[in-house]
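Enquirer: Going by the UniProt record's numbering, the sequence shown wraps up at 117, each residue one higher than the last. Would you mind keeping the following structure in view while I ask a few things?
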Amino acid sequence: MQRNSLILPMMSHKLDIFEFFALITILLLDTGLENQTEECEKTGEQVKEQVMTELVHYMKHYKRIEEPGIRIASIVNLLPAAERCVRKIQDDMEMTQMRNVLKVSKEFYDLVNGIFC
């Protein structure tokens, strides 16, 4: 699933490491989470804006792309595929835990499910 829905599109877009990290930053800085403070939400929005500004600059001056907005839109379209892949991995982990198919440590299980405390 990940190969067809995420890896191949990323390869066809010829995503470089800078664009990949920008995509991951945009994905991970979710500002609509439950119980998130206003300060955290504001900081997340500021970071996302800064990343987008730097991405536009990078595309214009280093990759020599005249219309970076089109390139950014195609990269941002990869976000739902990335989220689906993460959800699939989490669901698979949940099923293996429930059915005792694969024994993993609690720390690994928590990491996959975003529990860091």
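In this text, a Cβ means the ideal position worked out from N, Cα and C, and glycines have one as well. From a predicted model like this one, the values you see are computed outputs, not experimental measurements.
With distances taken Cα to Cα, identify the nearest neighbour of E94 among G32, K60, L111.
Expert: Working through the sequence shown from its first residue, we reach residue 94 at position 94. Cα-wise, what sits closest to E94 is L111.
Enquirer: Which residues mark the beginning and the end of the alpha helix (DSSP H) in which Q97 is found?
Expert: Taking the sequence shown and counting its residues from 1, one reaches residue 97 at position 97. Segment 79 to 98, the alpha helix (DSSP H) holding Q97.
Enquirer: Just checking my contact of L23 with L102 at CB under 8 Å: how many whole Å lie between their CB atoms?
Expert: By 1-based counting over the sequence shown, the position of residue 23 is 23. By 1-based counting over the sequence shown, the position of residue 102 is 102. Contact doesn't hold; Cβ gap of about 29 Å is too wide.
Enquirer: Does the region 44 to 55 come into contact with the region 13 to 33, if we say contact requires no fewer than three beta-carbon pairs (one atom in each stretch) closer than 8 Å?
Expert: Yes: the two stretches touch, three or more of their Cβ pairs being nearer than 8 Å.
Enquirer: Have a look at E38 and V104 and give me their C-alpha separation to the nearest angstrom.
Expert: Looking up residue 38 in the sequence shown gives position 38. Looking up residue 104 in the sequence shown gives position 104. So the alpha carbons of these two residues sit roughly 36 Å apart.
Enquirer: Return the residue from the list R87, C85, I72, K88 that minimises the CA-CA distance to H13.
Expert: Numbered from its first residue, the sequence shown carries residue 13 at position 13. If we check each option's Cα against that of H13, I72 comes out closest.
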